[in-house]
Amino acid sequence: MLVETIPGAYIIEYEDGRNDDNFRSEAQPQYDMRMRLDFGLFKGASIQLEDGDNAEAAMAQIARLPSVKNVWPVRTMSRPEPAKRHNTTARDFTTRQHFGSDSTPSRRRQVNEPGSGYSPHVMTQVDKVHTEGITGRDITIAVIDTGIDYNHPALGGCFGQGCLVNGGFDLVGDDFDGFNQPMPDDDPMDCEGHGTEVAGIIAAQENEMGLLGVAPGASLTAYRIFGCPGLSGVRTTNEVQLAALNRAYEDGANVIHMYAVGYSGWAGDPLAVAVSRIVDKGVACIVGAGDEGTYGLFDAQAPASGEGVTAVASFINNEIPYPLSVAYYTVDNGSEVSFLYEWSEPARFDGVPRPLWATSLDTNITADACEPLPDDTPNLQDFQVLVREGGCDIRLKAIHLVARGARFFLLYSQTESLEYFDITDLEGIDGVGMVTRSVGETWIAALSSNSQVATRIHSPFDSEVRYVNLPNPDTGGSVSPFSTSGPTFEMHMKPQFGAPGDNVLTTFPTYFGSYLVDSGTSLASAFAAGAFALVAEARQTLEPRLIENLLSSTAKPQLYQYGGQPGYFDWLASPTHQGAGLIQVWDAIHAITILDSPSLSFNDTSNAPGSLNFTLSNTGNQSNNYEFTHVPTRSLYSLDVNAASAAFWPFEYVDGHAQIAFKSVTIEVVSSVPINIDNTRMPLWSGYIAINSSSDISLSMPYIGLTGSLYDAEIVRDARVISTDGFYTVEDPPIPQNTSFVLPPPGTGQDQPIGTYYYPMMLWEQPWGSRLVNVHVVPLTSCPPASTVEVHGFTSIGQLPGFPLSWSYRGYFPILWDGLLGNGNYAPEGRYQLVLSVLRIFGEIGTEEDWVVVKTTPFHIKYDEASG
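Residue 524 in my numbering sits at position 436 of the sequence shown, and the numbers go up by one each step.
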């Protein structure tokens, strides 16, 4: 995901009672209005300063105006690519298994036709809820995304009053690229696809694919915040997101679903704060935790990182929807009947109708075509040949068929399972595939009664696709490897729980193929949004925290499963990955014991409470006896083996956990930190409190804690300036003192081929995130420029472009500098050093000792006159 700050663009929030007129009369710098943000929960605007040369100083002045409450930079960010995407018009060859020359399958595909049970619903008890007639009626779910293809038959086929998608708004227009001016209109039609995927998970109506939404009785509204795909990708801004959230709220949404679009790890991120305000007003906001699972802990993305915002992890589907090609047959020139086949290679089918010829009419034959075909076999060149599998290698069967001129043949299975095979090295074969036993036996029965059977098979690249369900015993029900892990840097629990989001079938725009299989936490959070609607209807409540608590306390924690590899460990995955676990919607609806919190956080060592309390309420008609049990998970190291850099995937679990004690019925929970583990690596410990009662379903509550002080943690490492021609590694050494750089003429740096110039690059590592990061340019000449500002005891002429950086994540930060400053000016030729200042976690901006300040080696810059 690419996040960029737009120079000179800011979001202004007004003080209570102030408005555009107050701001206009007080603001001295000239500005253009980008977007008015006049909402009940947010009064403000986004502006573009006209004087880019002095934007930073001007904004500091604006921030002090009586009418201004908050100021944030306008940022543009790309929509992350889905974890996987496979639709009905673009076949995905990477899902095919190549079994080797003897065609021995490592796993056969058992065919379960659509309608045999939508696996994500079975995993989460949604199917049980639907049997009770609960479908999310009278609940409106707002989808803030790329729009919705409301013309899709499974999504109602229309837009407006009386339709499934009954309202919404396009806040940006087709041509919006994240940088230009939005051109809003009233039509939120999807031109990219992702919003249509989300809509299908939530509320798809019955269709030929067997897909059904979690809440098919709910209504949808669509708020489009992305333009159409182009060379710059699909991008939006935080001002557009802010407007969409508040518009959805004011239009009366009961539940808001939004895509996670920003790296953060912070509950205080401005967008996360805006969403939290909406939750406080009684509207649930559901967001995917993010698809960056390889980046380690503390990576909850905005706005999923907000307090009260429901962040959702992705779980792997128990059954993998698998695409089979659609072909057709006739009996005695009757109407065409469709059938499914597993294409193999070669796959040069051409759509020409061909009479079917079977090598045997015995459906119990054990070695069909394992010997050369008899002499009275006709020339098979113009036939579609049918052969029963088994008895010998497929290649041997093919050799015997080719000897009689066969170019196309189908195996029919001994069971209802299929396999892919590859015999492209055999000459003479054009098209091969496999059908199920029932299809083959239907054709044999027709041929045995002297009927004429003909098939019409197109290339799989030109064929319609239908999906069948393949059992997934190896990884089904576990947390997806791509699912982003929490907690926030303030030690708030993220994610809250999880739902199926990995390899799920959903809708796709009709002009892109209508259906697809995709993966991502946004699909899991869409599932959870539908679950909120079901609970809201069943329990007659819209209170977001109550519904979240119900879904969290009844969720099922799942065993740890390593990175998509087969098999499970005998201990539970950490709540930092899965939250409370996989939601169980029927249990949430029927729970009579209510917990007042979805989770507990013991924070870090410096901020740890002596104990934490939670209460439970028995809403049933009978008394209950409760038993509390501690179910720990293993601890996770936050830092690498050297206790220096952030620990990324694969996660290192260590066999140590906290001790938990229960002291009273109210319920007081006391923790003691793990022992016999490396505390210098700041282990994050976690687990579950299991609650079993005499007359209720089992409940649980996840908890987390951290050994070590986040405030005292080493927040900056290896800050230095390196020399680069565009290529670099994080091991590159710092430049020698007073290195001279010849930079391209101002304004031409972006046009220079890689390798033409060497640039100074500011490079540093942050093992932890920070609320605020600055990189100031400090002149070391006797006559500095007139426009300067004093920071941390240094005289600065401005910051590098993109800074200050608010709510930063952890990792390496490489910033190549061609002389441009954040205010749009170019630094004069001369001698400089860069000064990095990073605010500690839990630190205060106005407290000098809460900053880590690092100054770099001095260096000289001049601009290339010869090229100018």
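Beta carbons: idealized from backbone N, C-alpha and C, even for Gly.
- For Val253 and His240, the gap between their C-alpha atoms comes out near 10 Å.
- Each of Pro117, Asp237, Ile99 was checked against the Cα of Thr598, and the nearest Cα belongs to Asp237.
- By the neighbour-count criterion, in which a residue is buried when 16 or more other Cβ atoms sit within 10 angstroms of its Cβ, Ala455 is exposed.
- Gly837 is the residue among Glu878, Thr876, Gly837 whose C-alpha sits nearest the C-alpha of Asp952.
- Around the beta carbon of Gln116, fewer than 16 other beta carbons lie within 10 angstroms, which makes this residue exposed.
- Taking 3 residues as the shortest admissible run, the region 302-381 contains the following complete beta strand (DSSP E) segments, listed from N- to C-terminal end: 307-312, 323-325, 343-346, 372-376.
- For Met271, there is no enclosing beta strand (DSSP E), as DSSP marks it with neither H nor E.
- When DSSP assignments are scanned along the region 551-639, the uninterrupted stretches of beta strand (DSSP E) that are 3 or more residues long and fall wholly within it turn out to be 553-559, 585-590, 592-595, 603-607.
- Taking the Cα positions, His580 is about 29 Å away from Ala626.
- Taking the Cα positions, Asp839 is about 14 Å away from Tyr846.
- Taken in chain order, the complete beta strand (DSSP E) segments of 3 residues or longer contained in the region 858-891 are 858-867, 877-879, 882-884.
- Under the three-state reduction of DSSP output, Met297 falls in the coil class, being neither helix nor strand.
- In the structure shown, the three-state DSSP call for Val490 is helix.
- According to DSSP, residue pairing for Trp852 in a beta bridge involves Phe901.
- In the DSSP secondary-structure assignment, His678 is not bridged to any residue.
- Close CB contacts of Gln825 within its chain, under the 7 Å cut and outside five residues either way in sequence, are with Thr945, Pro946 (chain order).
- The region 891-909 makes contact with the region 851-863, as at least three CB pairs between them are under 8 Å.
- Straight-line spacing of the CA atoms in Ser797 and Ala734 works out to 15 Å.
- According to the DSSP assignment, Lys943 belongs to the beta strand (DSSP E) that extends over 939-943.
- Assigned with DSSP and collapsed to three states, Thr418 falls in strand.
- Tyr416 and Gly655 have their C-alpha atoms some 40 Å from each other.
- Within 10 angstroms of the beta-carbon of Ile842 lie fewer than 16 other beta-carbons, which makes it exposed.
- The way I'd put it, the region 599-606 doesn't touch the region 681-699; fewer than three beta-carbon pairs between them come closer than 8 Å.
- A Cβ-Cβ separation of about 38 Å leaves Thr212 out of contact with Ala801 under the 8 Å criterion.
- Cβ neighbours of Glu529 within its own chain (closer than 7 Å, five residues either side excluded): Thr451.
- Between the C-alpha atoms of Tyr920 and Lys950 there is a straight-line separation of about 11 Å.
- In this structure, Thr681 lies away from Thr754, with their beta-carbon atoms at least 9 Å apart.
- Judged by pairs of C-beta atoms under 8 Å, the region 550-570 touches the region 402-418, as three or more such pairs exist.
- Excluding its 5 nearest sequence neighbours in each direction, Ala661 has C-beta neighbours in its own chain below 8 Å: Ser566, Val567, Pro645, Gln646, Leu647, Tyr648, Gln649, Thr721, listed in chain order.
- Close CB contacts of Gln502 within its chain, under the 8 Å cut and outside five residues either way in sequence, are with Arg476, Glu477, Gly478, Arg525 (chain order).
- Using a Cβ distance threshold of 9 Å, Glu433 and Phe509 count as a contacting pair.
- For Leu683, the secondary structure class from DSSP, reduced to helix, strand or coil, is strand.
- Under the three-state reduction of DSSP, Gln149 is assigned to helix.
- In the DSSP assignment, Arg112 falls within the unbroken alpha helix (DSSP H) covering 108-114.
- With contact defined as three or more Cβ pairs closer than 8 Å, the region 299-317 and the region 244-264 are in contact.
- When DSSP states are grouped into helix, strand and coil, Leu385 belongs to the coil group.
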